[in-house]
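Residue numbers (the working numbering), protein chains in the order written: chain Y, 1 to 241; chain P, 1001 to 1241; chain V, 2001 to 2241; chain R, 3001 to 3241; chain G, 4001 to 4241; chain D, 5001 to 5241.
For every residue, glycine included, the Cβ atom is placed at its ideal position computed from N, Cα and C.
For clarity, every value in this text was computed on a predicted model and none was experimentally measured.
Scroll down for the structure; my scribbles are underneath it.
Protein chains: 6
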Amino acid sequence: MRSDGRLFNELRKITVTPNYLKHAEGSCLIEFGDTKVLCSASVDNVVPQFLKGQGKGWVSSEYGMIPRSCLVRVPREATKGQKTGRTHEIQRLIGRSMRMACDVDALGERTIWLDCDVIQADGGTRCASITGSFIALMLALEKMRKDKILKTIPFKSFISAVSVGMVDGEPRLDLSYEEDSKAEVDFNVVMSDAKKFVEIQGTSEAEPFSRQDMDAMLDLARRGIEELIKIQEGILGGVIK
Amino acid sequence: MRSDGRLFNELRKITVTPNYLKHAEGSCLIEFGDTKVLCSASVDNVVPQFLKGQGKGWVSSEYGMIPRSCLVRVPREATKGQKTGRTHEIQRLIGRSMRMACDVDALGERTIWLDCDVIQADGGTRCASITGSFIALMLALEKMRKDKILKTIPFKSFISAVSVGMVDGEPRLDLSYEEDSKAEVDFNVVMSDAKKFVEIQGTSEAEPFSRQDMDAMLDLARRGIEELIKIQEGILGGVIK
Amino acid sequence: MRSDGRLFNELRKITVTPNYLKHAEGSCLIEFGDTKVLCSASVDNVVPQFLKGQGKGWVSSEYGMIPRSCLVRVPREATKGQKTGRTHEIQRLIGRSMRMACDVDALGERTIWLDCDVIQADGGTRCASITGSFIALMLALEKMRKDKILKTIPFKSFISAVSVGMVDGEPRLDLSYEEDSKAEVDFNVVMSDAKKFVEIQGTSEAEPFSRQDMDAMLDLARRGIEELIKIQEGILGGVIK
Amino acid sequence: MRSDGRLFNELRKITVTPNYLKHAEGSCLIEFGDTKVLCSASVDNVVPQFLKGQGKGWVSSEYGMIPRSCLVRVPREATKGQKTGRTHEIQRLIGRSMRMACDVDALGERTIWLDCDVIQADGGTRCASITGSFIALMLALEKMRKDKILKTIPFKSFISAVSVGMVDGEPRLDLSYEEDSKAEVDFNVVMSDAKKFVEIQGTSEAEPFSRQDMDAMLDLARRGIEELIKIQEGILGGVIK
Amino acid sequence: MRSDGRLFNELRKITVTPNYLKHAEGSCLIEFGDTKVLCSASVDNVVPQFLKGQGKGWVSSEYGMIPRSCLVRVPREATKGQKTGRTHEIQRLIGRSMRMACDVDALGERTIWLDCDVIQADGGTRCASITGSFIALMLALEKMRKDKILKTIPFKSFISAVSVGMVDGEPRLDLSYEEDSKAEVDFNVVMSDAKKFVEIQGTSEAEPFSRQDMDAMLDLARRGIEELIKIQEGILGGVIK
Amino acid sequence: MRSDGRLFNELRKITVTPNYLKHAEGSCLIEFGDTKVLCSASVDNVVPQFLKGQGKGWVSSEYGMIPRSCLVRVPREATKGQKTGRTHEIQRLIGRSMRMACDVDALGERTIWLDCDVIQADGGTRCASITGSFIALMLALEKMRKDKILKTIPFKSFISAVSVGMVDGEPRLDLSYEEDSKAEVDFNVVMSDAKKFVEIQGTSEAEPFSRQDMDAMLDLARRGIEELIKIQEGILGGVIK
């Protein structure tokens, strides 16, 4: 039994508040238990230098934590004048994942910025960010369709992410901070609705891990992601198809 | 009549959710209409260099906006590697104001960090930040008292802040973004419960303003601040005295 | 009696050396007692991004202190790689004030940079900067008129600034560093020739202050600013009107 | 057949020049075909803040590319004043992997810095960096043992890394830049001599990938890593065991 | 004949105002014609990391230009967040030269900071900075001696600097900006009172130069430096020896 | 006799490996004894702002050291976020020298970047960088000629550089790190094939130096540079003329 009473293959309570922000083209507050991330999608009529003049679009992501989202206050990155390596790693992961969710070539010369700001952290912030960003992105695309900026939503796949790990020798789904900090292995898995993988990042924290352990964790991840995609489908009901 | 139906001397709907954050020693989400600011107070057992070894404490503040708090996405300061002048100006104002709320000398060698993160902006973010920071600060001091870190709460004054301005030649209380952007004069007023001033910052946006206009605006500000302090008293009920 | 022998309502000796710099379009060295600030106005044929293509101009300001302008050497901001919050606060104040001195829309697509470099600091550097910048700005505009870049000087108001404060319970005009560092309240007041206010920034240093104290300080400020504007008029004699 | 004539399961020519640098405690130049990385291990008698006073050590890594290692000159990160997100991501991966190679707790209060500088890039620089860093690290530990700084080498596992990917629908081992840039899926796999996984990072570049594809790629990776570890064993012959 | 009427071997008018700054331990305003540099010496009771605990001192220099010291406004380095390469080059030259003027080992664990701020630039600012810094340094050492911080002034040599160059095929002393910008060769020469060299930096601007040209320029430099040292001796009269 | 057995007027073993890098337009690895510098020339179809639209080109240089090129690991400049003053000084020297090697006006609107990355440092890295950069530059120009981007190579002069110094009272050619660190005087001399000077930078490390010492050092430098230019001629054989 896990300290919060969950089974090994159980997600925490997932709550999504769509359109949380008044000004953003798309947004949601997503909660994986006590982890709360505010995701917004902003449309910018500019593309990065390497895409200029090609008529194609781009999707990019930035990630941040408010200083007291954590147990101990983390220094504000704007004060230090630079982001940590961890922040860079996470925002690159979110950006790559979201470029699998929609056809960026069909956006016109526009960038959609996905901002993920962690309000409260209790493990799994990058997975919550990806799962919530997908919703914010689709809401923004739907708004662009309604506003006649796009003819159709250039949808490719539902995308969700979940963490899995080996804790006390056992595979577990959706680790809380307490579990994550004692896990032997830690995976972040991003999948599409076709049960295919978008990103897999697995790290041994104590000892190298076996192929069998990996297989067990990926089975759990698939199960969790199916549930998350159902939640996404519920929220986006009329939007996609 | 104002565009949102308020009288010239009326505040927007003020909502405070105390203890909004699980990890912070003190926190609240404060809303002035559509303006939403997350305020947290974090206790750090270190003081700035200039206070080392004197047994005294410090209160400091940092301010930030999540990128899509605004109508148009504002670039993330952590990405640019530096804060704007506006951010510096605001966080200095919050810090000075909060050092009037409590006796920093009585904190021991500790810094209390007040982080104000704007989730949604619709005018008056710095005043909401000050009013909310006061609550977060008092909740943190109360926690320190309960945890026997402090014998008593080193309370000095209730502190609240409100914006006032001249719009269409008329003094108005608590400007929304729409009003603020067309105001002829813009004041941010920070006051204590003794109806005394802590900070006054008045700026002419179009034309220099007269002493009479200033007097009218300060009268409105006092009225608004009396209401805000009543709200603070309601929330902090048992805490102070 | 004040430590330098002045009455409570007396300015320090004000000295202005116009055209102090050979290369600048306009400049002066301004001294408020031992406070010495070098102010220059430079014309740049470029405007900030947000004004491009509108045919309008801009006035902006930057402020700095040479490292040994102060009692103790202050670290060079270029070495630290960033400006302090205080510097940001001051240069924003100067910029806003100067945009009340002239009609920026009538400048054409040009920026006038007002650089204020503190050579020696003894209190009141931001007020000396504003008072001196006004002179540098008008000298530059006059040069532009003579050079046929402008048909007329787009003059709006004389602008001067002075500090006032409560020291030992008494209102005083134009605080020296010694007075400033023990003041209970500190005001920086920027006014126009029409006895109207451009900016008011008042800060309680020890205790919140009353409306009566504020009124007494603003009366003193008005008196000081009348004298400063007379000095500006003397120097700019033929230039304006 | 691959464009360089290799079979799908063949590594490029691997060349290691141990002790390439005169001054470093351990170093090598490692070549995976035309990819050349200079790896050095430097011993520093200081540990990061979070380990001070615990008697334990640390292993950290930094990665860089000389500007003309690539087809097109990449801007020097020291000139831009910051590292790219890609650099952060890679150096974090190398550091984590190397902390699986040796018991950092047994190093005493010392940090071993592993610097990986890419001299020429043709795909797989992060995998070459990990494989080469392991050799540099072991040479440095052996030197510390000979110098009586350590009694024994705190060896945990051989660690090597290789890239695998799906190119033209086929799994391939050790992608060159040309293959990498058209791969549908790209994996970086770090393994130990016990055929266990240290890190897995898989990214879909065009389409999400299936579990079968992943299995095929991981089989290839294991095969490649066995060869790489044999090369490491050949070089480190007498050192370990 | 030169455009300002000087002979080829003539210095511009040299003016030194010692003790120009109220707060600095030593200072002067030095003018080489229209070039004006404010030099200050500040005593700091701290030494750089590499000297800690050795009982020795250090002399360091920083150089800056106020933005409108030049014909065209130069961007403020504090705004850009970094110094130009030219600034680095110059301040290193000043620092090395001043460490030849006094015995830094005899200063105790103190750093003397020499700040050179160019108020107006018309060629030769680095040479004026060195010549003026020497005076500021000696005035600070004399003050330290009077204040009983030092028993004697740890004087080594008088140090002055001057520029020389080839202009229109002719060697010339102390180039103005106009001459400097068309010079074929440009030398900065730092010498001691023993007619020995401290630093020589010669640069061909158009064509490589011959040994004979160099010899002619160095002869001119020696002559100029003898005059500059006489001026230094006049000002420091009673101080040294 | 010198510690490595050389005569006072002898260079260390000079080795040049031209075309060391696969991707660069021109490159070489140059070795002065144990000092190894990788020099590359990259052609970029852009010029600095001040040259835009004039049809002229530019040659610029950047210099870096890999962290463990030195006896003690030097912090990576990309990690610190800025270059040291020494790096700025060196790369400016290389750039100026290379602009004497070719006629930049004849390059078209292109910049040639010369990157000098020190792989191993044992004194004289800036002189090796200049001597190697010249070869990389000429190889790149030859490639541009072959690719019909240039009609002819806009060659001006062979350029080489060598260090000389006074060690134990004796002039010596091409100082190793050991000699450099105890030298009384240290010169870096850049010359052309016409036995003319391009740059002279001489620094007294302990005591000011005499004209005779300088003359002896410059004689040695000329001799060393003649040898270096012969080596350059050997490598570039068919390229120039």
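Sheet register partners of residue i (DSSP bridge)
{"i": "residue 5228 of chain D", "result": "The partner list for residue 5228 of chain D (beta bridge, DSSP) is empty, contrary to what the question assumes."}
{"i": "residue 114 of chain Y", "result": "Y/41 and Y/61"}
{"i": "residue 1098 of chain P", "result": "According to DSSP, which records beta bridges pairwise, residue 1098 of chain P is partnered with nothing at all."}
{"i": "residue 28 of chain Y", "result": "Y/18 and Y/39"}
{"i": "residue 1173 of chain P", "result": "P/1164"}
{"i": "residue 2131 of chain V", "result": "The partner list for residue 2131 of chain V (beta bridge, DSSP) is empty, contrary to what the question assumes."}
{"i": "residue 185 of chain Y", "result": "Y/166 and Y/204"}
{"i": "residue 190 of chain Y", "result": "Y/161 and Y/199"}
{"i": "residue 4120 of chain G", "result": "G/4036"}
{"i": "residue 1209 of chain P", "result": "V/2197"}
Contact under 8 Å by Cβ, residue i with residue j
{"i": "residue 3221 of chain R", "j": "residue 3189 of chain R", "result": "yes"}
{"i": "residue 2115 of chain V", "j": "residue 2062 of chain V", "result": "yes"}
{"i": "residue 5176 of chain D", "j": "residue 5123 of chain D", "result": "yes"}
{"i": "residue 2036 of chain V", "j": "residue 2120 of chain V", "result": "yes"}
{"i": "residue 1018 of chain P", "j": "residue 1235 of chain P", "result": "yes"}
8 Å contact criterion, which residue i and residue j should meet: CB distance rounded
{"i": "residue 160 of chain Y", "j": "residue 130 of chain Y", "result": "7 Å"}
{"i": "residue 3016 of chain R", "j": "residue 3028 of chain R", "result": "5 Å"}
{"i": "residue 4157 of chain G", "j": "residue 5208 of chain D", "result": "7 Å"}
{"i": "residue 4107 of chain G", "j": "residue 4026 of chain G", "result": "Residue 4107 of chain G to residue 4026 of chain G, Cβ: 13 Å. No contact."}
{"i": "residue 5010 of chain D", "j": "residue 5150 of chain D", "result": "Rounded, the Cβ-Cβ distance is 38 Å, inconsistent with contact."}
Proximity winner among the options, relative to residue i (alpha-carbon distances)
{"i": "residue 2097 of chain V", "options": "V/2023, V/2021 and V/2128", "result": "V/2128"}
{"i": "residue 4024 of chain G", "options": "V/2014, V/2055, V/2134 and V/2067", "result": "V/2067"}
{"i": "residue 4230 of chain G", "options": "G/4197, G/4193, G/4204 and G/4218", "result": "G/4193"}
{"i": "residue 2154 of chain V", "options": "V/2174, V/2146 and V/2101", "result": "V/2101"}
{"i": "residue 41 of chain Y", "options": "P/1142, P/1093, P/1112 and P/1074", "result": "P/1074"}
{"i": "residue 2206 of chain V", "options": "P/1090, P/1105, P/1072 and P/1078", "result": "P/1105"}
{"i": "residue 171 of chain Y", "options": "Y/223, Y/199, Y/196 and Y/81", "result": "Y/223"}
{"i": "residue 203 of chain Y", "options": "R/3185, R/3099 and R/3210", "result": "R/3099"}
{"i": "residue 5187 of chain D", "options": "D/5038, D/5174, D/5180 and D/5201", "result": "D/5201"}
{"i": "residue 5085 of chain D", "options": "D/5185, D/5168, D/5008 and D/5064", "result": "D/5064"}
{"i": "residue 2013 of chain V", "options": "V/2031, V/2005 and V/2077", "result": "V/2031"}
{"i": "residue 218 of chain Y", "options": "Y/228, Y/227 and Y/197", "result": "Y/197"}
{"i": "residue 2135 of chain V", "options": "V/2002, V/2004 and V/2233", "result": "V/2233"}
Interface residues of chain R facing residue i [CB-CB closer than 9 Å]
{"i": "residue 5113 of chain D", "result": "3067, 3068 and 3073"}
Amino acids of chain G, ordered along the chain, whose beta-carbon sits closer than 8 Å to that of residue i
{"i": "residue 5231 of chain D", "result": "Within 8 Å Cβ-Cβ: nothing; residue 5231 of chain D doesn't reach chain G, min ~19 Å."}
Contact list for residue i against chain D, beta-carbon separation under 7 Å
{"i": "residue 4196 of chain G", "result": "5208, 5209 and 5210"}
Under 7 Å from the C-beta of residue i: neighbouring residues of chain P
{"i": "residue 24 of chain Y", "result": "1068"}
{"i": "residue 2092 of chain V", "result": "1085 and 1089"}
Amino acids of chain R, ordered along the chain, whose beta-carbon sits closer than 7 Å to that of residue i
{"i": "residue 203 of chain Y", "result": "3096 and 3199"}
Proximal chain D residues relative to residue i, where beta-carbon distance stays under 8 Å
{"i": "residue 4082 of chain G", "result": "5082"}
Neighbour list for residue i in chain G, Cβ cutoff strictly below 7 Å
{"i": "residue 2076 of chain V", "result": "4062 and 4064"}
Interface residues of chain V facing residue i [CB-CB closer than 8 Å]
{"i": "residue 1040 of chain P", "result": "Those within 8 Å of residue 1040 of chain P in chain V number zero; the least Cβ separation is about 20 Å."}
Listed by chain order, chain R residues near residue i by CB distance under 8 Å
{"i": "residue 5147 of chain D", "result": "Near residue 5147 of chain D there are no residues of chain R at all, since even the closest Cβ is about 16 Å away, more than 8 Å."}
Per-residue contacts from residue i into chain Y (C-beta, under 7 Å)
{"i": "residue 1021 of chain P", "result": "68 and 120"}
For this session: Note down, in chain order, all residues in the segment 97-110 of chain Y with a beta-carbon under 8 Å from any beta-carbon belonging to chain A.
Result: Of the protein chains in the structure, Y, P, V, R, G and D, none is chain A.
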